[in-house]
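Residue numbers (my numbering): 206 to 411.
In structure tokens form, the structure reads like this:
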């Protein structure tokens, strides 16, 4: 799922590894504890497979105009050193290849992993790249899974031997599933609305 998220972010524009980590957390709201120790191996795998490529970003130069004072010259020197250090660390960015775009489309719409909760969350964060029919299928599949989960929880709640603490946990879980079902129903209603238009992967390529 981490690789799918990376490919999805690179569909929009080139990114540095640092930016990818931040957007996975802040834009997709996923993998909040993902470290660079996980990000860079994933980037290396994707690069070896030809799905992404590294590119050289432009390094911004700091002006070396004299300031006329010793303190000003020292400040300018520190700024130049900092800019060089940042440039060396940030020169390598990543770009998705044509092969990567095709692979992303296949992974995103793969029905084999629809029942995975983390997988579903990633897909919904990138759902604008799915066709309307695939989005509806994904949502309906998720709704069926949630309905089954709610039935299981309800069956457990009917167990008279359940103590008050365990019961409160299961009741909390039931409310969470009910909220998810409401969210899925709202999304399906939006998909059926003729006022909602979303670009798909095919449209993005044109």
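Glycine included, each C-beta is placed from N, C-alpha and C at the ideal position.
TODO: On a CA-only basis, which of 324, 323 and 383 is nearest residue 357? Give me that one, please.
DONE: 383
Open item on the list: Between which two residues does the alpha helix (DSSP H) holding residue 397 run?
Closed with: 369-397
Task: Identity of the residue in 343, 380 and 304 nearest residue 256 by Cα - done: For the residues 343, 380 and 304, the minimum Cα distance to residue 256 belongs to 304.
TODO: Could you check the C-alpha separation between residue 363 and residue 376 for me, to the nearest Å?
DONE: If I take the Cα positions, the gap works out to 11 Å.
- [ ] Name the two residues that bound the continuous beta strand (DSSP E) containing residue 261.
- [x] 257-261
Open item on the list: Give me the residue from 258, 314, 219 and 336 with the minimum Cα distance to residue 209.
Closed with: 314
TODO: Quick one: grab the DSSP three-state call for residue 267.
DONE: In this prediction, residue 267 has a pLDDT of 40, which is less than 50 and means its spatial position is unreliable; nothing more can be read from the coordinates.
- [ ] Please confirm whether residue 340 and residue 330 have their CB atoms less than 8 Å apart.
- [x] no
Open item on the list: I'd like the span of the alpha helix (DSSP H) that includes residue 347, first residue to last.
Closed with: First-last of the alpha helix (DSSP H) with residue 347: 337-362.
TODO: Could you name the residues of the same chain whose beta carbon sits closer than 7 Å to that of residue 405, not counting the 5 residues immediately before and after it, in chain order?
DONE: Unreliable placement is indicated for residue 405, whose pLDDT of 49 sits below 50; the coordinate value is still reported in the next sentence. If we look at residue 405 and ignore the five residues flanking it on each side, its Cβ neighbours are 334, 335 and 336.
Task: residue 240 versus residue 365: straight-line alpha-carbon distance, rounded - done: Using only the alpha carbons, I get a separation of about 45 Å.
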